[in-house]
Amino acid sequence: MRILVTGAAGFIGSTLSERLLARGDDVLGYDNLNDYYDPTLKEARLARLTSQANFGFVRASLEDRPSLEKAFADFRPERVVNLAAQAGVRYSIENPYAYIESNIVGFINVLEACRHGKVEHLVYASSSSVYGANRKLPFSVRDPVDHPVSLYAATKKANELMAHTYSHLFGLPTTGLRFFTVYGPWGRPDMALFLFTRAILAGEPIKVFNHGHHKRSFTYVDDIVEGVVRTLDKIPGKDRGWDGNAPDPASSGVAPYRIYNIGNEQPVELLRYIEVLEQCLGRKAQMEMLPLQAGDVPDTEADISDLIASVGYRPRVGVEEGVANFVRWYRDYYRVGGQA
Numbered sequence: 000m001r002i003l004v005t006g007a008a009g010f011i012g013s014t015l016s017e018r019l020l021a022r023g024d025d026v027l028g029y030d031n032l033n034d035y036y037d038p039t040l041k042e043a044r045l046a047r048l049t050s051q052a053n054f055g056f057v058r059a060s061l062e063d064r065p066s067l068e069k070a071f072a073d074f075r076p077e078r079v080v081n082l083a084a085q086a087g088v089r090y091s092i093e094n095p096y097a098y099i100e101s102n103i104v105g106f107i108n109v110l111e112a113c114r115h116g117k118v119e120h121l122v123y124a125s126s127s128s129v130y131g132a133n134r135k136l137p138f139s140v141r142d143p144v145d146h147p148v149s150l151y152a153a154t155k156k157a158n159e160l161m162a163h164t165y166s167h168l169f170g171l172p173t174t175g176l177r178f179f180t181v182y183g184p185w186g187r188p189d190m191a192l193f194l195f196t197r198a199i200l201a202g203e204p205i206k207v208f209n210h211g212h213h214k215r216s217f218t219y220v221d222d223i224v225e226g227v228v229r230t231l232d233k234i235p236g237k238d239r240g241w242d243g244n245a246p247d248p249a250s251s252g253v254a255p256y257r258i259y260n261i262g263n264e265q266p267v268e269l270l271r272y273i274e275v276l277e278q279c280l281g282r283k284a285q286m287e288m289l290p291l292q293a294g295d296v297p298d299t300e301a302d303i304s305d306l307i308a309s310v311g312y313r314p315r316v317g318v319e320e321g322v323a324n325f326v327r328w329y330r331d332y333y334r335v336g337g338q339a
C-alpha cells in the first residue's frame, strides 16, 4: 500500500516506517524536524529510512497546508498514520500556542487532506493523558475523558472529537490510539528513560517526581508499532450495536470510528523502572525526590481488552528486556563505554 506517515523522523514514526518498508509498503514520510529536542537525533533516525527505494520524504509542518496538500496530491496515499504533534505535557504549560498550531491546526489540515484525497483509513496518535483527573484503574476507552489536566491532553481529546466529526460527515474511517508511555531505542531525549540514563552516566542526580511512587504502563516501542500496524490494516465501520441513548465513547453508530488504548497491561512503579535501569547501567542513581508535577497524573494503567478483541494485540516486551535494549542502543549511539 501507499502509506503516508507524519512525524516520520520521530521516535514512533521512524520505527513504524521501518516496519512498513520491511513488509513492502511504499511510505512517504512527512516531518518538519523541529528543534523541540536535538534535530540531529531526528536526522539520524531519518537516515535509516532515506536509503530505501520505497521511501520518500517531505520536510514541512502540518500547519503548512499547501505543502501538506501537495504531498497528498503527489503521493496519493491509500492510508495515513498521523504521529506528528507537539509532544510533552510539561512543555504545554510553557508554550501553549505550539500545541494549538501543531495539534489542532495541523490536525484539521490532515483531516481535510484525507477527506479530499479519499484516504481509506486514517490512524492517529492520541494519548493516555486524556484520562486526566480520572482515578478508576485500569483506564478504559469506555470511561469519560472530560477532565484533562494539561493542554497537551486537551488537544489530544480535541483530535478524537474532530476525527469523529469527519468520520460522520464525510465517511472517513478513523482510528485513534491512546498511547501509554512509550520507550525504547531511538527514544525521545525529553522522556524519563533518556534523561535518567544521561544523568546517571554523567554522575548527576535524577529528578524523581511524586517521590517515584507513581505507576506507568511503560510500553516498548516495538509493541506499540505492532499495534499501529494491526489497526492500520483493520478499517473500522459503524458500530451496529451502538446505542445513542447510552453512547459508547470508543465507537460510533453514525460514523466509521474507533478509539483504542495501546499499552502494556502491567504497570510498573517508577522506582522499579529506575532499579532496572541501574542494573543495566551497572551504576546507582542519585535521586532528587520531588512532588508530582503540574499536568502529570499519579498512575496510568491500560485496559487493552478492545484492542485484543479487535486485532489480537498483545504487548510482549517487559521493562527488563526493553530497558536493556535501550541502554545498549544508547551506549552505541553516543559511544559511551562500560557495562551494558
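Just so it is clear: in the sequence shown, position 330 is 329 by numbering that gives the first Met the number 0, and no numbers are missing.
All C-beta atoms in this analysis are idealised placements derived from N, C-alpha and C, irrespective of residue type, glycine included.
Cβ pair residue i, residue j closer than 9 Å
{"i": "Val4", "j": "Val26", "result": "yes"}
{"i": "Tyr35", "j": "Gly87", "result": "yes"}
{"i": "Asp24", "j": "Arg44", "result": "no"}
{"i": "Thr14", "j": "Val224", "result": "yes"}
{"i": "Ala342", "j": "Asn108", "result": "For residue 342 there is no data in the structure shown, the boundaries of the chain being 0 and 339."}
{"i": "Pro184", "j": "Arg327", "result": "yes"}
{"i": "Glu159", "j": "Ile258", "result": "yes"}
{"i": "Ser127", "j": "Val148", "result": "no"}
{"i": "Phe195", "j": "Arg187", "result": "no"}
{"i": "His115", "j": "Glu77", "result": "no"}
{"i": "Val118", "j": "Leu171", "result": "yes"}
{"i": "Ser122", "j": "Tyr219", "result": "Here the sequence assigns Val to residue 122, which means Ser is not the residue at that position. No, Cβ-Cβ distance for Val122 and Tyr219 is not below 9 Å."}
{"i": "Ala162", "j": "Leu82", "result": "no"}
{"i": "Val144", "j": "Pro248", "result": "yes"}
{"i": "Lys237", "j": "Ser251", "result": "yes"}
{"i": "Arg64", "j": "Glu93", "result": "no"}
{"i": "Asn324", "j": "Ser139", "result": "no"}
{"i": "Ile307", "j": "Met286", "result": "no"}
{"i": "Gln278", "j": "Phe208", "result": "no"}
{"i": "Leu353", "j": "Lys206", "result": "With the chain covering 0 to 339 only, the question about residue 353 has no answer from this structure."}
{"i": "Ser91", "j": "Tyr151", "result": "yes"}
{"i": "Glu17", "j": "Leu48", "result": "yes"}
{"i": "Leu20", "j": "Gln51", "result": "yes"}
{"i": "His146", "j": "Asn133", "result": "yes"}
{"i": "Val80", "j": "Cys113", "result": "no"}
Given residue i as reference, the closest of the options once Cα atoms are compared
{"i": "Gln265", "options": "Gly243, Pro314, Arg197, Ala83", "result": "Pro314"}
{"i": "Leu231", "options": "Pro143, Phe10, Thr173", "result": "Thr173"}
{"i": "Asp73", "options": "Gly55, Leu82, Asp63, Ser309", "result": "Gly55"}
{"i": "Val335", "options": "Ala198, Gly170, Asn81", "result": "Ala198"}
{"i": "Phe349", "options": "Ser16, Asp331, Arg18, Asp302", "result": "Residue 349 is absent from the structure shown; the chain starts at 0 and stops at 339."}
{"i": "Glu268", "options": "Pro297, Ala112, Pro235", "result": "Pro297"}
{"i": "Arg22", "options": "Val228, Glu62, His210", "result": "Val228"}
{"i": "Asn263", "options": "Asn81, Glu300, Asp295", "result": "Glu300"}
{"i": "Ala70", "options": "Ser139, Thr39, Tyr29, Leu82", "result": "Tyr29"}
{"i": "Gly226", "options": "Arg134, Tyr332, Ala124, Asn94", "result": "Ala124"}
{"i": "Lys283", "options": "Ser304, Val275, Gln51", "result": "Val275"}
{"i": "Thr154", "options": "Val140, Arg141, Arg134, Tyr130", "result": "Tyr130"}
{"i": "Ser166", "options": "Asp222, Tyr256, Gly175", "result": "Tyr256"}
{"i": "His212", "options": "Ser66, Ser304, Leu270", "result": "Leu270"}
{"i": "Phe169", "options": "Ala254, Leu19, Ala59", "result": "Ala254"}
{"i": "Gly311", "options": "Arg134, Trp241, Gly321, Asp222", "result": "Asp222"}
{"i": "Gly12", "options": "Ala191, Tyr182, Tyr333", "result": "Tyr182"}
{"i": "Gly281", "options": "Gly202, Asn33, Asp295, Asn133", "result": "Gly202"}
Opening and closing residue of the beta strand (DSSP E) in which residue i lies
{"i": "Ser126", "result": "120-126"}
{"i": "Phe178", "result": "173-178"}
Residue i, enclosing alpha helix (DSSP H) - first and last residue
{"i": "Met286", "result": "Segment 286-289 is the beta strand (DSSP E) holding Met286; no alpha helix (DSSP H) there."}
{"i": "Tyr36", "result": "Neither: Tyr36 is in no alpha helix (DSSP H) and is coded neither H nor E."}
{"i": "Tyr272", "result": "269-280"}
{"i": "Asn108", "result": "105-115"}
{"i": "Ile258", "result": "Looking at the DSSP string, Ile258 is not in any alpha helix (DSSP H); the run it does join, the beta strand (DSSP E), is 256-261."}
{"i": "Trp328", "result": "318-333"}
{"i": "Glu68", "result": "64-74"}
{"i": "Ala132", "result": "No alpha helix (DSSP H) holds Ala132; DSSP gives it neither H nor E."}
{"i": "Leu61", "result": "From DSSP, Leu61 is part of no alpha helix (DSSP H); its letter is neither H nor E."}
{"i": "Gly12", "result": "10-21"}
Bridge partner(s) assigned by DSSP for residue i
{"i": "Val80", "result": "Val4, Val122"}
{"i": "Gly55", "result": "Leu27"}
{"i": "Asn94", "result": "Looking at the DSSP assignment, Asn94 forms no beta bridge with any residue, so it has no partner."}
{"i": "Ile234", "result": "According to DSSP, which records beta bridges pairwise, Ile234 is partnered with nothing at all."}
{"i": "Phe138", "result": "Ala301"}
Minimum Cβ-Cβ distance from residue i to chain D less than 9 Å
{"i": "Pro188", "result": "The displayed structure is made up of one protein chain only, and chain D is not part of it."}
Query raised in the report: Enumerated in chain order, which unbroken segments of the beta strand (DSSP E) with a length of 3 residues or greater are wholly contained in the region 141-219?
Result: If we require 3 residues or more, the beta strand (DSSP E) runs fully inside the region 141-219 come out as 173-178, 205-208.
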